[in-house]
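I have placed the structure first, in the form of structure tokens, so that the comments after it can refer back to it.
In this note's numbering, the protein residues as written are 14 to 222.
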């Protein structure tokens, strides 16, 4: 009986020491940036999801916007059809967080979104010629929603760019670069936005009353 108690104490001490080592090792790894790469990757993916949410919200406004404008300017068929076609292209490509390291797909997606921005800008120029349309309550509501969505798109894009910059930097700077080589060899840089200057501005949605 006397021999069992020391053995039990020793076993308890070993378990306690092992638990302490795990805690210390976890703290050491965290302090050395072990989790930085996956953490920043998830932040970038989450911010990209918000970008897509806001672009989809804008696309959802387009059908009602087109129908409202058509009620006052039905003969502007070419401009209206251009918006419809641009919306179709903008919604045909979706990029999940798992394929954000595909620059070609990203470029296609952003070109389609820029195309919708350009088509909406031309539509707003047409709207300026129709005072009754600009005074329509339904149109004013859509105008306000579109303006708010464009602002949220700008914020979401900025957040995504910031998170991608932080993630990409962690792949090529110490000490996180060492963790990439040891543990995260599949990690790849994510593309930021590359939009032509003429398409970098959101469509203007304020009107002279």
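Even glycine gets a Cβ: it sits at the ideal position worked out from N, Cα and C. Quick caveat: nothing in here was measured; it's all calculated off a predicted structure.
Residue i, buried or exposed, once every other Cβ within 10 Å from all chains shown has been counted against 16
i	result
residue 127	buried
residue 94	exposed
residue 80	exposed
residue 192	buried
residue 130	buried
residue 195	exposed
residue 151	exposed
residue 97	exposed
residue 141	exposed
residue 112	exposed
residue 225	The structure shown does not extend to residue 225, since the chain is modelled only from 14 to 222, so the question has no answer here.
residue 159	buried
residue 132	buried
residue 185	exposed
residue 171	exposed
Contacting residues, own chain, Cβ-Cβ under 7 Å from residue i (five flanking each side not counted)
i	result
residue 56	176
residue 181	202, 203
residue 7	Since the first residue of the chain shown is 14 and the last is 222, residue 7 is not available in this structure.
residue 92	135, 136, 139
residue 59	none
residue 75	96, 100
residue 83	93
Contact set for residue i: own chain, Cβ-Cβ below 6 Å, skip 5 residues either direction
i	result
residue 36	Confidence in residue 36 is poor, its pLDDT being 46 and thus under 50, which makes the residue's placement too unreliable to answer from.
residue 122	106, 108
residue 116	204
residue 104	72
residue 197	50
residue 173	60, 61, 64
residue 124	none
residue 53	179, 180, 183
Close beta carbons around residue i, own chain, < 8 Å, minus the five adjacent residues each side
i	result
residue 178	205
residue 65	107, 108
residue 39	Residue confidence for residue 39 is low, a pLDDT of 49 falling below 50, so the modelled location carries little weight; the figure read from the coordinates is stated next. Excluding residues within five positions, none has a Cβ falling inside 8 Å.
residue 165	67, 70
For residue j and residue i, believed in contact at Cβ under 8 Å, the rounded distance
i	j	result
residue 155	residue 77	6 Å
residue 63	residue 169	5 Å
What are the start and end residues of each continuous alpha helix (DSSP H) run of 4 or more residues lying completely inside the region 60–141, in chain order?
90–105, 116–140
Cβ pair count under 8 Å reaching 3, the region 60–69 against the region 82–91
no
Unbroken stretches of the beta strand (DSSP E), 3 residues or longer, contained in the region 150–189
none
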